[in-house]
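Residue numbers (my numbering): 13 to 487.
Just so it is clear, CB atoms sit at the ideal spot from N, CA and C, and this is done for glycine as well.
On a predicted model such as this, the values are computed, not experimentally measured, just so you know.
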Amino acid sequence: MNLIRILTENMIRFRTKNITSANLKTILDKSPIVINEYGIKSSLLTEGVSESMRCWYYTQVANWTFEYDKRVPDPYNTKGVQDFLIAIGHNIKSDGSFGDETAKALATWRYGASAGIVTVDKLWSKIKSDGYNFGTMNEDVGEMIIDICDDLAKSCVIDQQTSVKMDLANSYPRELRDQLDSSFIAAIKYWEDYLNNFNVQMKISVNLYGSSNMPNMIKTQQDIIPWYMSVLNLIKKNRWVDRSAEAAEDGAAMYVAGDCPPLTVCVNMGYYLTIYKQSGIKIMGRKAKESFVHEIQHIMWEKLKGIVKPINSRANIKLAFPLAYDSYAPSATGVSKQLAQAQISQSSKNDLTANGIDYNKLQAYYNTIKWRKTYTCHETELLSRLAAYRQYLTDRNVIQMGGTILLPTIISDIKKIINNDNVHWNFKMMIGCWVLGGMTPKLTDFVNKLNALAKNSIQDKNNVNLKQPDQDERT
């Protein structure tokens with residue numbers, strides 16, 4: 013960091029020969045140089061971007077909101093890197109080509125102009141020497157940008173004017189709130205209909221008692237299902253609450269952990285406001301319903317630990333997803349932040365080829381650090397993704413309530429992933445864990461084991477926090 017050189021340049025700029033504490037502050041205030049805990053990070057080539065606005069971008073990138081907010085550049089692709097640099101004040105082209113101009117601007121932001129990094133080769137070499145050596149340059153650059161933004165976001169400040177301008181103020185259209193209410197009620201109704209479905213009750217009976225004969229079905233319908241309905245009634249009473257600021261910090265659309273009240277879904281209304289503006293109220297409502305279905309499964313599985321017993325044992329989940337594990341368990345402490353991609357067995361290769369799926373392309377799609385995060389295979393996330401995917405297919409009349417997901421449906425959606433076509437996000441995340449597990453079990457068996465998984469959990473009758481439902485509540 014050559015602070016003397018930079019100050020000297022600014023002295024010439026302001027025709028100042030003598031530095032005092034007062035005019036030094038003026039120099040630093042007017043200079044387009046960003047100063048933070050990293051030292052002097054960059055000499056920006058354009059002015060007019062406030063520190064608050066830069067902080068907003070740092071915060072959004074750090075929280076991965078680029079996954080759903082089109083205003084936030086995606087640092088994992090070249091154009092996103094260029095748009096990010098432009099957003100924080102660099103005067104470069106956004107043409108999707110990672111040339112020396114982009115490399116110089118990124119290096120100036122990260123290391124300072126004095127580092128003398130002005131070519132792509134020098135930049136990549138430097139990034140790798142800093143420990144970012146995950147594979148492609150896009151991955152390395154993306155990880156580096158997110159890490160630096162995460163550090164910068166911890167110390168910078170977003171002022172009120174910027175917050176309002178970027179729609180982070182808590183002022184949302186009434187139509188948005190009404191639709192979220194409707195989506196929440198629709199999600200509850202979906203779970204009620206699902207658990208009352210005879211086919212689903214047969215799965216529960218098999219999981220709990222070993223068979224779905226008449227005595228076991230009666231026990232399931234009289235002793236088990238009412239507890240589910242009791243839990244759903246509590247969630248319905250608690251409803252959802254707005255936690256936009258807290259959710260935005262974690263880049264979440266909805267969540268049910270941390271500071272979220274028990275048996276309640278916490279919602280990032282800012283996320284749904286963005287969808288509302290970009291895609292309209294109908295699509296926003298549909299996505300919200302899918303997310304509510306997803307989060308309600310989390311409540312059943314996680315929030316009621318000690319109150320409910322899971323129907324799906326970890327062993328059963330691992331039959332479909334060998335890499336599934338509980339990332340919140342004490343034994344998970346110290347687990348690697350990346351999942352290794354398992355080798356594909358010959359039987360799986362043959363099965364995929366017979367069904368018209370290019371397993372090499374499918375494997376390559378998920379062979380990135382983004383997908384190798386352990387979160388991809390967190391067991392309760394897998395069940396929530398499956399629940400949301402089932403609801404998605406049910407709403408589109410692809411399957412009946414509680415029905416079997418057919419092999420052609422799974423094949424079609426996998427091919428959409430390979431071709432970068434639009435596919436349900438929960439399905440893409442769920443399939444990612446299977447792919448990383450070496451596409452084991454083979455596809456045809458995987459679909460069968462997926463359909464065999466019953467959802468949610470069974471109420472522990474000895475729990476004193478939830479009373480046994482009245483007879484009237486069982487109807």
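Put residue i into one of helix, strand or coil per three-state DSSP.
i: Leu275; result: coil
i: Asp86; result: coil
i: Tyr337; result: strand
i: Thr490; result: Examination of residue 490 is not possible in this model, given that the chain is present from 13 through 487 alone.
i: Phe146; result: coil
i: Cys168; result: coil
i: Ile417; result: coil
i: Thr131; result: coil
i: Phe439; result: helix
i: Asp433; result: coil
i: Met178; result: coil
i: Lys116; result: helix
i: Val61; result: coil
i: Asp425; result: helix
i: Ser141; result: helix
i: Ser194; result: helix
i: Ser217; result: helix
i: Pro185; result: coil
Compare the beta carbon distance of residue i and residue j with 8 Å and say whether it is the shorter of the two.
i: Thr392; j: His306; result: no
i: Arg397; j: Asn438; result: yes
i: Gly154; j: Pro87; result: yes
i: Ile293; j: Glu151; result: no
i: Asp162; j: Ala260; result: no
i: Gln213; j: Ile230; result: no
i: Val243; j: Pro273; result: no
i: Asp363; j: Lys454; result: yes
i: Gly263; j: Gln191; result: no
i: Leu448; j: Gln353; result: yes
i: Ala115; j: Leu135; result: yes
i: Phe78; j: Ser195; result: no
i: Thr421; j: Leu395; result: no
i: Ile430; j: Asp370; result: yes
i: Ile157; j: Val84; result: no
i: Leu374; j: Ile426; result: yes
i: Ser357; j: Thr232; result: no
i: Gly490; j: Val61; result: As displayed, the chain neither begins before 13 nor continues past 487, which places residue 490 out of reach and without an answer.
Pull up the distance between the alpha-carbon of residue i and that of residue j, whole angstroms please.
i: Tyr50; j: Ala99; result: Its pLDDT being 33, under 50, Tyr50 is placed unreliably in this model, and the coordinates cannot settle the point.
i: Ala257; j: Asn280; result: 7 Å
i: Glu302; j: Met266; result: 11 Å
i: Tyr283; j: Val459; result: 32 Å
i: Asn35; j: Ser109; result: Confidence at Asn35 is low in this model, with a pLDDT of 42, below 50, so its placement is unreliable and no value can be given for it.
i: Tyr288; j: Asn211; result: 36 Å
i: Asp112; j: Ser126; result: 16 Å
i: Arg251; j: Thr276; result: 6 Å
i: Gln403; j: Lys361; result: 30 Å
i: Leu495; j: Lys299; result: Missing from the structure shown is residue 495; the chain here goes from 13 to 487 and no further.
i: Lys249; j: Ile308; result: 13 Å
i: Glu444; j: Ser217; result: The displayed chain sequence assigns Gly, not Glu, to residue 444. Roughly 30 Å separates the two Cα atoms.
i: Thr388; j: Gly222; result: 30 Å
i: Pro342; j: Val268; result: Any reading at Pro342 needs caution, since the residue's pLDDT is 46, under 50, leaving its predicted position unreliable; the model's value is listed next. Each residue's Cα considered, the two are about 20 Å apart.
i: Lys177; j: Ile160; result: 24 Å
i: Gly128; j: Ser141; result: 16 Å
i: Lys82; j: Leu246; result: 36 Å
i: Tyr377; j: Cys67; result: 32 Å
i: Lys105; j: Leu335; result: 42 Å
i: Asn379; j: Asn432; result: 15 Å
i: Ile417; j: Asp235; result: 28 Å
i: Ala400; j: Thr120; result: 44 Å
i: Tyr240; j: Tyr206; result: 11 Å
i: Asn367; j: Asn225; result: 35 Å
i: Leu462; j: Trp446; result: 11 Å
i: Asn372; j: Cys278; result: 39 Å
i: Asp133; j: Ile381; result: 22 Å
i: Tyr337; j: Asn228; result: 30 Å
i: Pro44; j: Arg255; result: Confidence at Pro44 is low in this model, with a pLDDT of 37, below 50, so its placement is unreliable and the value that follows should be read with caution. Cα-Cα distance, rounded: 35 Å.
i: Asn145; j: Ile139; result: 8 Å
i: Tyr184; j: Ala165; result: 25 Å
Less than 8 Å between CB atoms is the rule here; does residue i satisfy it with respect to chain D?
i: Ala264; result: No chain D is part of this structure, which consists of one protein chain only.
Given the structure, does residue i come close to the ligand SAM, in the sense that its CB is under 7 Å from one of the ligand's heavy atoms?
i: Asp112; result: No copy of the ligand SAM occurs in the structure displayed, which carries no ligand at all.
4-residue-minimum alpha helix (DSSP H) runs that sit fully inside the region 346 to 412, ordered along the chain: Entirely contained in the region 346 to 412, the alpha helix (DSSP H) runs reaching 4 residues are, in chain order, 358 to 366, 371 to 378 and 391 to 407.
Complete runs of the alpha helix (DSSP H) confined to the region 232 to 316 [at least 4 residues]: Fully enclosed alpha helix (DSSP H) runs of no fewer than 4 residues occupy 237 to 250, 256 to 261, 281 to 291 and 293 to 310 of the region 232 to 316, in order along the chain.
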